[in-house]
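Protein chains in written order, with my numbering: chain A, 680 to 1021; chain B, 87 to 618.
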C-alpha cells in the first residue's frame, strides 16, 4: 500500500507534511529550510529560516533581520516526524542538498548543485535516497563542461594577453558564488579589482574563513589608470555600462554555462565567453542521480521535459515539478534587462 | 584548418569592424592560396556540393553520442544550428589533428556519391579527430550557411588591403557564378578566370528614409519612381548569353522563360537593373506579390502559371550599354539612355521603363506616395540625379520612402524560443484577433522588440506557461501587441482565412486590455478594401 509522500509540491514551495516545513519556498511560510543564498531559493518574508552555518552570513546580509538558525553539514535535526540533514551541493560556498528522513524513507532536495569540486565551495557529496528532487538547468546533452583547470587557464591567458596589450579585462560573473570561484581559480597576472556587489560578498566569505586572493574594490579613485592591466570582476549587468568605461581600453567577457552556445554568446554582443557554470552539466546530472541510488526523480527547473523523458527511458520513475527557481540561472535570459547591482 | 579556425574565432569573438578587418587582412596575407580561395567562397555563400544529408548527420551524431534521436532533436531546437549541436553533443576528441581547409573540403567533395557506409566512416572519423571548434567548422562545410558576421563589403576591403587589388574591381570580380573548384586564388582576384560573361554588377542599395524627404533639399535634384513589390533583378545580355540575377546573387534565368525573347531585341552588352513582377497585361500594371510568389520557388513553370502570372521586368537603371560600364555616369544620363533603349523596342516585350513619378515639390510627392498602395507599390524611391551606380548600401544618394505599414492590435497565444542569437529566449510568437467570443490565431511575428522586452516576455512566458507542445508554449491571452504588416491576402491554408505580408511587432501595448484588440471582421474588411 502506497504511503503518503515525504514531500509534496504546493504553490508555495516544496512542503514536508510530517515536519510542517517548506524547502526553498517562494511565498512566505512559517518555517523555511534554505539550500543556499541565491535569491530564487532564499526569499524574503518567512518567519523562521534554517540553513547551513556557512550559508547564513550571506543570507542574513541579503535578507536583513531574519529569525535564522544554523546547522552543520551532516548534522541530524529532528523536526516533527522527520529528521533533516544538510549535505554539500558544491554549487556555491555554504550550499546544501537537504535530506528528509521519515522512518528510513529518505527524500533529498538538491537545490542547485555542481559535481566537479571547484576548490572553494564544499565539494558535492551524493546522498543515498529513495527520491531525489533535482535541478536540471543544463539538462541537455550539449552541455558538457571541460575540467575547471583548463577553463581557468584560458581565463588567465586572456587576462595576460589583455594586460600585455595595455587593456583591462572585465569579467562578468554572478556576484555570489561565481565571482569568488573565479577569483580563487584564476592565475596571478596583476591586480584584481571588484565591483561593489562582488566585494561585499568577498568580505563576508573572507570573514567566514574562505580563502580568496587580495582584491581591490573598484570604487572612486580606482580605475584603469591607477591599476593598469587589471582583472575586473563585476556582475554581468555591469558589462558595457558607464561604470565599466572607467577602466579605459578593455576586453569584456562573461563567465557562464550558457556561453557554451554560440547564439547566446552572440546575443550578448560579447567577444569572449568562458564556459564556467555553478550547475552540473548533463553528464554531471546523470552521475549525481545515479550516485543517489534513487528510484524516483523529480526535476524542478531547467530543461525539465526532455530531461525527465530521458530519465524515464533510463528506467527512473521521473516527474516534473513546477517551481519558481531558476530565475537567475546564470542570467540566461536577463541580459540587459536586469538592473546593475551596486 | 587551424588558420581558418583561428580566423573564425577572431571574427566570432568580436563585434568591432576594425578587429574583424584586421583578422581578415592578416588571414589573406598569410594563409595558403587554396585556403584563401575557399575562404572567399565560403564567406560569399558558396559551399562544396553536399556529400551528406542533414538527416544522416543527425542520425550519425546521435548514435556516436549514444543518445536517442529525439534528445538530439531537442538539443538542436535549443541550439538552433545543426553544425554546432553536433560539435557540442559528441564526446571530446581523443587526439586532435587538423588537415588544411582545402584538403578537408577536397576530402568532403570526394565523398559525394560514395556508399553510405563509406561516407559514415569518413565523417565519424573526422568527428573523432577534431576539437570542438574545428568540428563545428567541419560540420559547417557540410551544412553550409557560414555566418561569421562578415559582409561581402568587409571581406572585399580586407582582400583589397592584403593584395593591393582595387576594391571596386574586386567587388565585381567576386560576383556571379565562379566556383572555387575550377579557379585559383590568383586568377580570381586578377580576373583571369572563366565564366565572367554572365557576371552581374554589385547591386546599389537604397537606405530607408525615416523622416520625410524635406531634409534632402532641392527637389529638382532628385528623381522619384515607384518602389515596386517584386524581385529586384539584374538582366544581362552579352553575346550569346542572357542571364537574370536576383539581388541574392541567384541565377534565376530559367524560372522566367518569358524573358528569353529579349535576347533577340536587346543589343549585346546591355545590363539592366529592374524589378521582376507578375504582370496584368490587360491593365498594364503589376499583379499582387502573392501571384509572383507562386513562381519564385519553381524551376520549371507550368503553362497555366505562365498565363496566370506572366513575368515582366520594370527597368530602373542601365548599368552597361554597348558593352560599356556606365556605373560612373550620373543617374539622369543612364536614365535617358535607358528610356531611349526601351523606346526602340517593340511594345509587346515583357520589359518596360519603370515610370518616373513627376512632382513639383515635396508635398506633391507626399501626395503621390499615398497612392502607392493602389498601384501595388510599396512606396517611393528617391535617387539623386547626379548619383553614380554605387556598390552596396551607401547612405545619401538613394532613399526608399516606404508607406507606413498596416497595423492591428492582437494578443499573444503561443511563444516559442528563437534560434541562433536568440536561442533560449522566447521571441517567436503566435497572435490572435477576436472573432465573437473566440480568439483566432492569424499570424506569427518574430521581430520588432528590444532585447530587454524579449527578456521580460521570456520571464513572463516561463512563469505563465499553460501547456507545452514540444518547443511551443501556450500562454494565457494577456499580452497585447501592435502588429505591423505590408499586405494581406486570402489564405485557405490558415484557420483565419488570411495571411499577412512581413508581419512584425511594432510595439508592446501594455496600455491595451485584451478585450480591446481588433477583430477578424476588421481584417476581412481590410482584405476586401485592398482587393477592390
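We put the beta carbon where it would ideally sit given N, CA and C, even for glycine.
>> Does the contact criterion of 3 or more C-beta pairs under 8 Å hold for the region 915 to 923 of chain A versus the region 839 to 853 of chain A?
In response: Between the region 915 to 923 of chain A and the region 839 to 853 of chain A, the count of C-beta pairs closer than 8 Å reaches three or more; the two stretches touch.
> What are the residues that DSSP puts in a beta bridge with residue 314 of chain B?
Replying inline: Within the second chain, the letter at position 228 stands for residue 314 of chain B. Looking at the DSSP assignment, residue 314 of chain B forms a beta bridge with B:463.
>> So the candidates are A:907, A:954, A:754 and A:811; which of them puts its Cα closest to the Cα of residue 872 of chain A?
In response: For this step, residue 872 of chain A is matched to residue 193 along the first chain. Residue 872 of chain A has its Cα closest to that of A:907, out of A:907, A:954, A:754 and A:811.
> So, is the C-beta of residue 795 of chain A closer than 9 Å to a C-beta in chain C?
Replying inline: The structure shown contains no chain C; its protein chains are A and B.
>> List, in chain order, every chain B residue whose beta-carbon is nearer than 7 Å to that of residue 985 of chain A.
In response: Walking along the first chain from the start, residue 985 of chain A turns up at place 306. Those are 157 and 160, listed as they occur along chain B.
> Where do the N-terminal and C-terminal ends of the beta strand (DSSP E) with residue 848 of chain A fall, by residue?
Replying inline: On the first chain, residue 848 of chain A is found 169 positions in, with the first residue counted as 1. Start and end: 847 to 851.
> When the Cα of residue 515 of chain B is compared with those of B:562, B:449, B:349 and B:385, which residue comes out closest?
Replying inline: Translated into positions along the second chain, residue 515 of chain B becomes position 429. It is B:562.
>> Can you tell me whether residue 609 of chain B is helix, strand or coil according to DSSP?
In response: Position 523 of the second chain, counted from the first residue, corresponds to residue 609 of chain B. In the structure shown, residue 609 of chain B sits in a helix (DSSP, three-state: H, G or I).
>> So that I know if they touch, is there some Cβ in chain B lying closer than 9 Å to that of residue 823 of chain A?
In response: Looking up residue 823 of chain A in the first chain gives position 144. Yes - at least one Cβ of chain B is within 9 Å of the one on residue 823 of chain A.
> Nearest chain B C-beta to residue 982 of chain A closer than 9 Å, yes or no?
Replying inline: Along the first chain, one-based indexing puts residue 982 of chain A at 303. Taking Cβ atoms only, chain B reaches closer than 9 Å to residue 982 of chain A, which makes this a yes.
> For the region 371 to 422 of chain B, which segments carrying the beta strand (DSSP E) assignment without a break, of at least 3 residues, lie completely within its bounds, in sequence order?
Replying inline: 397 to 407
>> Taking only three categories from DSSP, how would you classify residue 338 of chain B?
In response: What you label residue 338 of chain B is simply residue 252 of the second chain in a count that begins at 1. The answer is coil: DSSP assigns residue 338 of chain B none of H, G, I, E or B.
> Which residues, taken in chain order from the region 745 to 772 of chain A, show a beta carbon closer than 8 Å to some beta carbon of chain B?
Replying inline: none
>> What ranges does the beta strand (DSSP E) occupy inside the region 898 to 928 of chain A, keeping only unbroken runs of at least 3 residues that lie completely in it?
In response: 910 to 913
>> Measuring straight from C-alpha to C-alpha, what distance separates residue 129 of chain B and residue 232 of chain B?
In response: As a working note, residue 129 of chain B is residue 43 in the second chain. As a working note, residue 232 of chain B is residue 146 in the second chain. About 7 Å.
>> Measuring straight from C-alpha to C-alpha, what distance separates residue 686 of chain A and residue 786 of chain A?
In response: For the purposes of this step, residue 686 of chain A is taken as the residue at position 7 of the first chain. For the purposes of this step, residue 786 of chain A is taken as the residue at position 107 of the first chain. About 7 Å.
>> Less than 9 Å between CB atoms is the rule here; does residue 820 of chain A satisfy it with respect to chain B?
In response: By one-based count along the first chain, residue 820 of chain A stands at place 141. Yes, residue 820 of chain A counts as interfacial toward chain B.
> CA-CA distance, residue 752 of chain A and residue 812 of chain A?
Replying inline: For the purposes of this step, residue 752 of chain A is identified with residue 73 of the first chain, where counting begins at 1. For the purposes of this step, residue 812 of chain A is identified with residue 133 of the first chain, where counting begins at 1. Going by the C-alpha atoms only, they are around 19 Å apart.
>> Using a Cβ-Cβ cutoff of less than 8 Å, which residues in the same chain neighbour residue 261 of chain B once the five nearest sequence positions on both sides are dropped?
In response: Counted from its first residue, the second chain places residue 261 of chain B at position 175. 285, 286, 287, 288 and 335, listed in sequence order.
> Any heavy atom of the ligand ADP closer than 8 Å to the Cβ of residue 340 of chain B?
Replying inline: Summarising the ligand content, the structure contains no ligands, and the ligand ADP is consequently not present.
>> Among B:253, B:149, B:310 and B:138, whose alpha-carbon lies nearest the alpha-carbon of residue 191 of chain B?
In response: Along the second chain, one-based indexing puts residue 191 of chain B at 105. By alpha-carbon distance to residue 191 of chain B, the top candidate from B:253, B:149, B:310 and B:138 is B:138.
> Can a CB atom of chain B be found closer than 9 Å to the CB of residue 803 of chain A?
Replying inline: Taking the first chain and counting its residues from 1, the one referred to as residue 803 of chain A is at position 124. Closer than 9 Å: no.
> Taking Cβ positions, are residue 424 of chain B and residue 475 of chain B nearer each other than 9 Å?
Replying inline: One-based indexing of the second chain puts residue 424 of chain B at position 338. One-based indexing of the second chain puts residue 475 of chain B at position 389. No, these two residues do not count as a Cβ contact at 9 Å.
> Residue range of the beta strand (DSSP E) that residue 213 of chain B falls in?
Replying inline: Position 127 of the second chain, counting from 1, holds the residue named residue 213 of chain B. Residue 213 of chain B -> not in any beta strand (DSSP E); alpha helix (DSSP H) instead, spanning 202 to 215.
> CB residue 186 of chain B to CB residue 120 of chain B, shorter than 9 Å?
Replying inline: As a position in the second chain, residue 186 of chain B is number 100, starting the count at 1. As a position in the second chain, residue 120 of chain B is number 34, starting the count at 1. Yes, the pair counts as a contact, with Cβ atoms nearer than the cut-off.
>> On the criterion of 16 or more Cβ atoms from any shown chain inside 10 Å, does residue 589 of chain B qualify as buried, or is it exposed?
In response: In the second chain, counting from the first residue as 1, residue 589 of chain B sits at position 503. Flag for residue 589 of chain B reads buried.
>> Cβ closer than 8 Å: which chain A residues qualify as neighbours of residue 509 of chain B?
In response: Sequence index remark: in the second chain, residue 509 of chain B carries index 423 (1-based). Here the neighbours are 940, 942, 943 and 946.
> Using a Cβ-Cβ cut-off of 8 Å (strictly less than) and excluding sequence neighbours within five positions of residue 825 of chain A, which residues of its own chain qualify?
Replying inline: Taking the first residue of the first chain as 1, we reach residue 825 of chain A at position 146. If we look at residue 825 of chain A and ignore the five residues flanking it on each side, its Cβ neighbours are 954.
> If you draw a straight line from the alpha carbon of residue 1001 of chain A to that of residue 145 of chain B, how long is it in whole angstroms?
Replying inline: In the first chain, residue 1001 of chain A corresponds to position 322, counting from 1. In the second chain, residue 145 of chain B corresponds to position 59, counting from 1. Whole-angstrom Cα-Cα distance: 32 Å.
>> Give me the chain A residues within the contact set of residue 175 of chain B, using Cβ-Cβ distance strictly less than 7 Å, ordered along the chain.
In response: Within the second chain, numbered from 1, the residue matching residue 175 of chain B stands at position 89. The answer, in chain order, is 820 and 821.
>> Closer than 8 Å between beta carbons: that is the criterion. Which residues of the region 183 to 201 of chain B meet it against chain A?
In response: none
> So, do the region 391 to 400 of chain B and the region 356 to 365 of chain B have three or more beta carbon pairs nearer to each other than 8 Å?
Replying inline: yes
>> Distance check for residue 527 of chain B and residue 473 of chain B, CA to CA, integer angstroms please.
In response: Residue mapping note: residue 473 of chain B aligns to position 387 of the second chain, counting from 1. Residue mapping note: residue 527 of chain B aligns to position 441 of the second chain, counting from 1. Using only the alpha carbons, I get a separation of about 46 Å.
> At a CB-CB cut-off below 9 Å, which residues of chain A make contact with residue 153 of chain B?
Replying inline: In the second chain, the residue the question calls residue 153 of chain B occupies position 67. Result: 820 and 989.
> Taking 9 Å as the CB-CB limit, is residue 1003 of chain A close to chain B?
Replying inline: For the purposes of this step, residue 1003 of chain A is identified with residue 324 of the first chain, where counting begins at 1. With 9 Å as the cut-off, residue 1003 of chain A counts as an interface residue toward chain B.
> What in chain A is Cβ-close to residue 554 of chain B, meaning under 7 Å?
Replying inline: Here residue 554 of chain B is taken as the residue at index 468 of the second chain, counted from 1. Here the neighbours are 984.
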